[in-house]
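Trainee: Submitted below is the structure of interest, expressed as structure tokens.
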Amino acid sequence: MKQTSTMRQRVLPFRSGKATTQATGTASRTGNTSGNKARKAGSRIKGMTLRVVPALLLTFAGTQYAAAQKSVAAEALSRHGIDISVLDPKSFQQPDDYAFDLTQKTSAAGKETVIAARFDPSAPKEEQWSVSTVNGKAPTRSEVATFRKDQGKGAAGNAADDASYRVEKESAGKLVISYKADPASVPKDAAFMKDCRTYMTINTANKQVEQIQVINEKPLKIKILNADKFELVQHYIRNEQAGRYFPANQRLNIEAKFMGQDVNVQTITEYANYSKK
13 MKQTSTMRQR VLPFRSGKAT TQATGTASRT GNTSGNKARK AGSRIKGMTL
63 RVVPALLLTF AGTQYAAAQK SVAAEALSRH GIDISVLDPK SFQQPDDYAF
113 DLTQKTSAAG KETVIAARFD PSAPKEEQWS VSTVNGKAPT RSEVATFRKD
163 QGKGAAGNAA DDASYRVEKE SAGKLVISYK ADPASVPKDA AFMKDCRTYM
213 TINTANKQVE QIQVINEKPL KIKILNADKF ELVQHYIRNE QAGRYFPANQ
263 RLNIEAKFMG QDVNVQTITE YANYSKK
């Protein structure tokens with residue numbers, strides 16, 4: 013996981029040569045206004061992205077859950093000897109008893125921000141997340157506070173809609189199960205998730221989940237963006253000691269429009285150096 017903006021033109025009456033001057037002046041002012049709006053929109057989108065994306069990633073980390081019967085998925089898993097626990101959200105959430113490093117690169121509105129951080133559960137609650145650098149420089153207090161606030165939002169415990177389960181692919185090597193979130197469980201800030209479908213790809217040879225992918229099924233409204241494309245791909249590593257999956261990397265791609273301008277947002281998050289605390 014191009015449109016271009018148009019401006020409404022005002023026609024001025026011809027008054028002995030003044031029409032050209034007035035039209036040019038209007039076009040100039042309109043162009044400047046449009047340019048200023050685009051620049052302001054870019055800054056706003058970038059700021060919104062840096063605030064919202066971490067929450068989105070955490071929100072989707074909690075979507076792998078079905079509260080009641082999961083007969084279609086359960087039968088497919090059983091045929092390949094795969095434990096139904098792969099549908100338990102606790103198997104995929106970020107660990108709260110392991111330290112790890114995180115690197116997050118966000119590109120939006122022509123700008124890129126790279127954050128290097130570390131999570132240490134042995135530190136005081138408000139200091140468990142530390143930010144090493146932002147774009148290679150020491151972070152400001154505001155940047156640290158914002159990052160900690162975003163990470164502290166936690167994952168939403170969304171439930172899957174039992175009626176939405178489908179077996180998309182079943183072969184000797186792969187099993188792909190898809191489902192949608194139960195609308196009643198989706199938080200208001202992530203209402204667009206109702207129009208997304210989640211695809212879980214499982215390697216039937218080693219019985220492990222290879223990736224979880226979330227794709228929109230129709231255009232979405234995400235905060236200030238009108239998104240034509242939304243795709244989140246998450247990869248995991250299996251930690252046998254913990255008996256669960258740890259995030260390895262996540263890639264979020266959004267293709268949207270704001271005020272008639274095309275906006276592409278991409279966030280890549282890498283996790284490394286897990287250690288038990």
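For the sequence shown, this note's numbering assigns the number 13 to the initial residue and increments by one for each residue that follows.
In this text, a Cβ means the ideal position worked out from N, Cα and C, and glycines have one as well.
As the structure is a prediction and not an experimental result, all values here were calculated from the model.
Can you tell me whether Ser287 is buried or exposed? The criterion is at least 16 other CB atoms within 10 Å of its CB, across all chains shown.
Mentor: Looking up residue 287 in the sequence shown gives position 275. Classification of Ser287: exposed, given that the 10 Å Cβ count is below 16.
Trainee: In chain order, what residues of the same chain have a beta carbon less than 6 Å from the beta carbon of Glu180, not counting five sequence neighbours either side?
Mentor: Taking the sequence shown and counting its residues from 1, the one referred to as residue 180 is at position 168. Cβ neighbours of Glu180 beyond the five flanking positions: Val188, Ser190.
Trainee: Does the Cβ of Gln105 have 16 or more other Cβ atoms within 10 Å, making it buried, or fewer, making it exposed?
Mentor: Along the sequence shown, one-based indexing puts residue 105 at 93. With 16 or more Cβ atoms within 10 Å of its Cβ, Gln105 is classed as buried.
Trainee: Since Lys149 contacts Asp173 with CB under 8 Å, what's their CB separation in whole angstroms?
Mentor: Locating residue 149 in the sequence shown gives position 137, counting from the first residue. Locating residue 173 in the sequence shown gives position 161, counting from the first residue. Their Cβ separation, rounded to whole angstroms, is 45 Å, which puts Lys149 and Asp173 out of contact at 8 Å.
Trainee: Distance cutoff 7 Å, beta carbons only. Does Val126 sit that close to anything in chain B?
Mentor: Considering every chain present, this structure includes no chain B. It has just one protein chain.
Trainee: Which residue's Cα is closest to the Cα of Ser103: Arg250, Ala217, Arg263?
Mentor: Here residue 103 refers to the residue found at position 91 when the sequence shown is read from its first residue. Among Arg250, Ala217, Arg263, the Cα nearest to that of Ser103 belongs to Arg250.
Trainee: If we count the other Cβ atoms within 10 Å of its Cβ and call it buried at 16 or more, is Gln253 buried or exposed?
Mentor: To locate residue 253, count along the sequence shown from 1; it is residue 241. It is exposed - the Cβ of Gln253 has fewer than 16 other Cβ atoms within 10 Å.
Trainee: In chain order, what residues of the same chain have a beta carbon less than 6 Å from the beta carbon of Ser134, not counting five sequence neighbours either side?
Mentor: Within the sequence shown, residue 134 is the residue found at index 122, counting from 1. These residues qualify, in order along the chain: Lys289.
Trainee: By alpha-carbon positions, which one of Ala196, Leu237, Asp113, Phe258 ends up nearest to Met271?
Mentor: Your numbering for residue 271 matches position 259 in the sequence shown. Of the listed residues, the one whose Cα sits closest to Met271 is Leu237.
Trainee: What is the rounded straight-line gap between the Cα of Trp141 and the Cα of Leu232?
Mentor: As a first step, residue 141 must be located in the sequence shown, where it is residue number 129. As a first step, residue 232 must be located in the sequence shown, where it is residue number 220. Spanning the two alpha carbons is a distance of roughly 31 Å.
Trainee: In terms of residue numbering, what span does the beta strand (DSSP E) encompassing Thr125 cover?
Mentor: Against the sequence shown, residue 125 aligns to sequence position 113. Note, Thr125: beta strand (DSSP E), 123 to 131.
Trainee: Helix or strand or just coil, what does DSSP make of Pro195?
Mentor: Within the sequence shown, numbered from 1, the residue matching residue 195 stands at position 183. Looking at Pro195 - three-state DSSP - the assignment turns out to be helix.
Trainee: Helix, strand or coil for Gly164 per DSSP?
Mentor: Within the sequence shown, the letter at position 152 stands for residue 164. Coil.
Trainee: Considering only residues of the same chain and omitting the five flanking positions on each side of Ser234, which have a CB-CB separation below 8 Å?
Mentor: Start at 1 with the first residue of the sequence shown, and residue 234 comes out as number 222. What sits at residue 234 in the sequence shown is Ile, not Ser. Answer for Ile234: Val64, Phe204, Phe242, Ile266, Ala268, listed in chain order.
Trainee: Roughly how many angstroms separate the alpha carbons of Asp201 and Thr145, rounded to a whole number?
Mentor: Here residue 201 is taken as the residue at index 189 of the sequence shown, counted from 1. Here residue 145 is taken as the residue at index 133 of the sequence shown, counted from 1. Using only the alpha carbons, I get a separation of about 29 Å.
Trainee: Please list, in chain order, all residues of the same chain as Thr45 whose beta carbon is under 7 Å from its beta carbon, the five residues on each side excluded.
Mentor: The residue given as residue 45 occupies position 33 in the sequence shown. The predicted model places Thr45 with a pLDDT of 48, which falls under 50 and marks its position as unreliable; any figure quoted below should be read in that light. Taken in chain order, the list of residues that qualify is empty.
Trainee: Rounded to the nearest angstrom, what separates Val84 and Cys208 at their Cα positions?
Mentor: Translated into positions along the sequence shown, residue 84 becomes position 72. Translated into positions along the sequence shown, residue 208 becomes position 196. When rounded, the distance between both Cα atoms is 19 Å.
Trainee: Who are the Cβ neighbours of Gln225 in its own chain at under 6 Å, not counting the five residues just before and after it?
Mentor: Residue numbering aside, residue 225 sits at position 213 when the sequence shown is read from its first letter. Counting only Cβ-Cβ distances below 6 Å, and skipping sequence neighbours, we find Tyr211, Val245.
Trainee: Looking only at DSSP bridge pairs, what is Tyr110 linked to?
Mentor: Translated into positions along the sequence shown, residue 110 becomes position 98. According to DSSP, which records beta bridges pairwise, Tyr110 is partnered with Lys288.
Trainee: Just the C-alpha distance for Lys219 and Thr152, rounded to the nearest angstrom, thanks.
Mentor: As a first step, residue 219 is located in the sequence shown; it is residue number 207 there, counting from the start. As a first step, residue 152 is located in the sequence shown; it is residue number 140 there, counting from the start. Going by the C-alpha atoms only, they are around 44 Å apart.
Trainee: Report the option in Glu182, Glu139, Glu222, Tyr177 whose CA atom is closest to the CA atom of Gln163.
Mentor: In the sequence shown, the residue the question calls residue 163 occupies position 151. Considering only alpha carbons, the answer is Glu139.
Trainee: Quick one: Cα of Tyr248 to Cα of Leu264, how far?
Mentor: Translated into the one-based positions of the sequence shown, residue 248 becomes position 236. Translated into the one-based positions of the sequence shown, residue 264 becomes position 252. Straight-line Cα distance between these residues: approximately 15 Å.
Trainee: Could you check whether Thr115 and Glu282 sit closer than 7 Å to each other, using their CB atoms as the reference points?
Mentor: In the sequence shown, counting from the first residue as 1, residue 282 sits at position 270. In the sequence shown, counting from the first residue as 1, residue 115 sits at position 103. Yes.
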